[in-house]
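This report refers to the structure that appears directly beneath it.
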Amino acid sequence: MYDALVIGAGPAGTNVSYQLSKRGFKVRMVDIKEKVGIPNHCSGLVDKRVVDLVGEDLVTDKPSSAEISTPFGSFNLRSDRMRVIDRVALDQKLAAMAQSEGTEMSLRTMLTGLRQGKEGIVATLKSREGFETVESKFLIGADGPTSSVRRRLGIKAPRLLTSLQYDLQRSSDKVKINLNRKNTPDFFSWEIPNGGEVEVGASGRNSEEVVKALTGSDTIKRRRGGLIPIGSTELGNGRCFLIGDAAGLSKATTGGGLFAALDSGNVLANAMEKGNGVLQDYQRSWKNSFGSEIKRDYKIRKLLDKYEKYYGLWVPLVSSSISGINRVGDVDYPSKTLLYMLYSIPMRFPFAVVEFISNLVT
Ligand SMILES: Cc1cc2nc3c(=O)[nH]c(=O)nc-3n(C[C@H](O)[C@H](O)[C@H](O)COP(=O)(O)OP(=O)(O)OC[C@H]3O[C@@H](n4cnc5c(N)ncnc54)[C@H](O)[C@@H]3O)c2cc1C
């Protein structure tokens with residue numbers, strides 16, 4: 012009998028397997044893919060704190076600024092914390108670390124059945140060799156946005172945004188985000204430098220037209236895509252837990268989910284190590300740590316959607332607070348930027364109003 016059966020070998024699954032194996036748990040990790048990390052859907056843009064967790068060797072680019080465009084104008088944010096990492100190498104590095112600590116890994120293997128009892132889980136796995144019954148004390152769903160573990164537990168799915176990305180032969184040193192909802196009504200489009208290439212992408216409706224327009228006549232080296240969950244779900248039930256995108260833990264403002272995928276696994280591994288009331292401990296600890304930012308981020312996203320027509324007001328607000336935002340801005344904690352802006356409104360407001368009116372009349 013295994014201590015933990017982990018479904019999915021993305022960043023969430025490989026990291027939690029490593030964390031548990033390191034603590035002496037007997038872990039089996041399975042993934043439907045033929046090779047860990049391939050195909051890759053992700054742009055790999057992260058804050059430096061992710062690199063601190065997974066290693067500098069994975070960094071492929073360090074963009075120095077981000078240009079944010081809206082229909083009312085644009086502004087430039089500077090940051091020395093932005094990094095682009097090799098996402099395939101990330102998954103493979105973490106999988107190798109898990110295996111070196113004792114995780115048993117099976118590829119081309121998927122979960123087809125799950126029965127939960129008081130003492131443990133009986134799961135059915137299917138591979139090319141046929142069906143296999145596996146017993147484990149706990150089961151971890153790290154199987155991404157369309158999680159079959161989540162579905163089998165009867166947990167409601169988050170909203171899923173279809174996203175498309177092309178990797179272009181083009182060089183750039185800045186991230187570009189376009190928030191024009193006329194082009195991308197559900198989210199935004201992006202351009203991210205990645206080691207001599209640029210990743211151009213968009214989420215939601217119109218993605219294909221927008222990505223084609225961003226591509227222009229540049230050579231397309233790869234076409235890829237995936238789903239971004241918006242709005243977190245429950246973290247499991249009984250002896251089954253969800254981490255990463257399976258629990259909808261991506262940020263609703265940026266779609267970034269790598270830090271949460273890693274951190275939710277770290278929090279769960281700590282709860283499993285303590286061993287009493289694991290699910291309750293995981294829920295409580297997550298809520299008291301990064302989970303609260305994920306919830307705040309969802310609220311910010313709803314506010315942005317609601318007050319979209321007032322972008323014309325917040326562009327000059329941001330512009331006039333730019334040095335402070337550069338100081339406090341953190342891609343994993345958008346609420347820090349919002350709080351800073353709200354705090355500085357009383358001082359900035361007269362300037363913002365003048366800018367807002369001049370935007371309307373010019
Ligand atoms: C286009 C795009 C760009 C993105 N860019 C960024 C970015 O720049 N920065 C950032 O932080 N985040 C980004 N994200 C989000 C990020 O990729 C995810 O948050 C992250 O991949 C979540 O990791 P995960 O391990 O939870 O899930 P996944 O990476 O989806 O891994 C799930 C794994 O489970 C396996 N699996 C699925 N079903 C089964 C099954 N039934 N049985 C066995 N195995 C199964 C899959 O094969 C996969 O390997 C992006 C997402 C998209 C779609």
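The sequence shown begins at 12 in this note's numbering and counts up by one.
Ideal Cβ positions, reconstructed from N, Cα and C, are used throughout, including at glycine.
For the 9 Å CB-CB criterion, ARG307 and SER243 do not form a contact. Scanning GLU284, ASN299, SER261 for the CA closest to the CA of LEU171 turns up SER261.
Under the three-state reduction of DSSP output, GLY124 falls in the strand class. Every alpha helix (DSSP H) of 4 residues or more that sits fully in the segment 36-98 is shown, in chain order, as 59-65.
Note: ALA23 is not bridge-paired with any residue in the DSSP secondary-structure output.
Leaving aside the five residues that flank SER158 on each side, the residues in its chain whose CB is nearer than 6 Å to its CB run, in chain order, GLY152, ALA257. In the DSSP assignment, GLU284 forms no beta bridge with any residue. By the C-beta density criterion, GLU319 is exposed, having fewer than 16 other C-beta atoms within 10 angstroms. Membership of GLY302 in any beta strand (DSSP E) is not indicated; the residue belongs instead to the alpha helix (DSSP H) covering 301-317. Distances between the C-beta of ALA109 and the heavy atoms of ligand 1 are all 8 Å or more. In the DSSP assignment, ASN248 forms a beta bridge with CYS251.
The C-beta distance from VAL99 to ASN26 rounds to 15 Å, too long to fall under 8 Å, and the pair is not in contact.
Here PHE142 carries a strand assignment [DSSP, helix/strand/coil].
Between the segment 84-91 and the segment 325-335, the count of Cβ pairs shorter than 8 Å is three or higher; the stretches touch. Annotation for ASN337: the continuous alpha helix (DSSP H) segment containing it runs 333-339. Taking each of PRO196, PRO204, ASN205, ARG235 in turn and checking the Cα distance to ASN217, the smallest one comes out for PRO196. Distances taken from the Cβ of CYS53 to the heavy atoms of ligand 1 include one shorter than 8 Å. CA-to-CA, the gap between PHE301 and TYR29 works out to about 20 Å. Straight-line spacing of the CA atoms in LYS44 and LEU118 works out to 6 Å. Taking every protein chain shown into account, the CB of LYS313 has fewer than 16 other CB atoms within 10 angstroms, so this residue is exposed.
For LYS223, the uninterrupted alpha helix (DSSP H) run begins and ends at 218-226, by DSSP. Distances from the CB of ILE166 to the heavy atoms of ligand 1 are all 8 Å or more. The straight-line gap separating the alpha-carbon atoms of GLY259 and GLY24 is approximately 14 Å. The Cβ neighbour count for ALA280, taken over all protein chains shown within 10 Å, is at least 16; the residue is labelled buried. Pairing VAL278 with VAL145, the inter-Cα distance amounts to about 25 Å.
DSSP, read as helix, strand or coil, puts PHE270 in helix.
In this structure ASP343 is not in contact with PRO204, their Cβ atoms being roughly 20 Å apart against a cut-off of 8 Å. Taking C-beta atoms as the reference points, LEU122 and ASP154 count as a pair closer than 9 Å. When DSSP reads this structure, GLN176 sits in a beta bridge with GLY212, ARG235. Boundaries for ASP197: no beta strand (DSSP E) harbours it, and the DSSP string shows neither H nor E there. By the CB criterion at 9 Å, PHE252 and LEU150 fall inside the cutoff. The C-beta distance from VAL17 to GLY55 rounds to 22 Å, too long to meet the 8 Å contact threshold. Between the alpha carbons of GLY335 and TYR351 lies a gap of roughly 8 Å.
Secondary structure at PRO204: strand, using DSSP grouped into helix, strand and coil.
According to DSSP, TYR13 shares a beta bridge with SER147.
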